[in-house]
Amino acid sequence: MVKNWPELMRRVILCCCMACPVVAFPEVRLETYCFKMDGGPDVRLEFHTYFDTASEVTLGSIRYGHSKKGIPLVLSGAHADTSLKAANPVSSTSWIEFVDGKVNGTYEFSSQGGQIFDLTYTNKASGKKASFVFEPNAEVSTEGGCIWPH
6 MVKNWPELMR RVILCCCMAC PVVAFPEVRL ETYCFKMDGG PDVRLEFHTY FDTASEVTLG
66 SIRYGHSKKG IPLVLSGAHA DTSLKAANPV SSTSWIEFVD GKVNGTYEFS SQGGQIFDLT
126 YTNKASGKKA SFVFEPNAEV STEGGCIWPH
């Protein structure tokens, strides 16, 4: 019987991890966009998208103001308008918002190349819309959060 079983297992797991090829660890690309409400009160939000290159899964989240907790989003659709014959088509993505495991609303994100246009939220229950504009003066921290201008 092995006397120091946990230490042996730790070493075995470490050796296995070192032997695994780098390809076994997929790359996850994180993008963060900083928005503020278009008119009205000073409401700020962070829009995060996550893309796993290995599984080609895209997820997202929204975090309002200084809230510690994000709201999960699931990509529900994507569209690129190629009718303008521009080098970069106008693209839009639709996201479903989940709160307490239930669909609470949807977000529509639109951009063209590196230019971010807007983010529109529609509440499922009331149908009310809120428009947010991209805040170009906000920076993204190394942790992926927005650093807002004063």
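For the sequence shown, this note's numbering assigns the number 6 to the initial residue and increments by one for each residue that follows. No residue lacks a Cβ here, since even glycine has one placed at the ideal position from N, Cα and C.
If you reduce the DSSP assignment to three classes, tell me which class V27 lands in. Bear in mind that a pLDDT of 45 at V27, under 50, signals an unreliable position, so the model cannot answer this.
How many angstroms separate the CA atom of E32 from the CA atom of A59? 7 Å
DSSP three-state call for E36: helix, strand or coil? strand
Just to confirm, are V104 and G70 a CB contact at a threshold of 9 Å? no
Can you tell me the Cα-Cα spacing of T111 and F52, whole angstroms? 13 Å
I76 to N128, Cα distance in whole Å? 14 Å
Nearest neighbour of R79, chosen from A85, S66, M42 and S72 [CA to CA]: Note on residue identity: the sequence assigns Val, not Arg, to residue 79. V79 has its Cα closest to that of S66, out of A85, S66, M42 and S72.
Which residues share a DSSP beta bridge with W153? In DSSP, W153 forms no bridge with anything.
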